[in-house]
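Numbering-wise, the numbering used here puts 82 at position 102 of the sequence shown, and it's gapless, one number per residue.
Even glycine gets a Cβ: it sits at the ideal position worked out from N, Cα and C.
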Amino acid sequence: MTDCIFCKIIAKEATGSFVYEDEHVVAFMDIRQANPYKVLVVPRAHAPMIYDLNDEQAAAIMQVAVRLSRVIREVSQCEGLSVFQSNGRVANQDVFHFHLHLLPRHENDNHASRRDTITDRATLDKLAADLRAALP
């Protein structure tokens, strides 16, 4: 889809800090790092919402999410992890390409105060490199 920023990132037509890629799934750093190491897991093929995923895509996304959650926990030393996903404008979906958020959590992290702050590319690239280095 030509106007989808995630499709552009996947196609390398826009900059992304990639953590993981396979034939079905791509994972990259969220430009809005509410907490360090926040990752988005997305299907390679454009699917606007959860309702548009086929079973193979859904399974592949969750397998990657579980694998990356373990790596995020190891690297970030987080105490917990929020996994969330929104569908539709009323649910606050802002990019209409399905994406699963993996947000590491720490006690009293006040993540909501940083959720709209844009993180610089050098920081995103370093965080992505840290996670890639820890992938089994």
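By the 16-neighbour rule on beta-carbons within 10 angstroms, Tyr17 is buried. Under the DSSP assignment, Val63 falls in the beta strand (DSSP E) whose first and last residues are 60 to 64. In the DSSP assignment, Leu82 forms a beta bridge with Val19, Val63.
The Cβ-Cβ distance between Asn15 and Asp89 falls below 7 Å. Taking Val(-1) as the centre and dropping the five residues before and after it, the same chain places the C-beta of Ala7, Phe8, Met9, Val19, Leu48, Ala108, Leu111, Arg112 closer than 7 Å to its C-beta, in chain order.
The C-beta separation of Leu82 from Ile52 comes to about 6 Å, placing the pair in contact by the 8 Å criterion. Per DSSP, reduced to three states, the secondary structure at Ala7 is strand. Beta-bridge partners of Phe(-2) (DSSP): Phe8.
Around the beta carbon of Ala102, a 10 Å sphere encloses fewer than 16 other beta carbons of the protein chains shown; the residue is thus reported as exposed.
If you check the CB distance, Glu59 and His91 do not come in under 7 Å. The beta carbons of Asn67 and Met29 sit about 4 Å from each other, so the pair counts as a contact at 8 Å.
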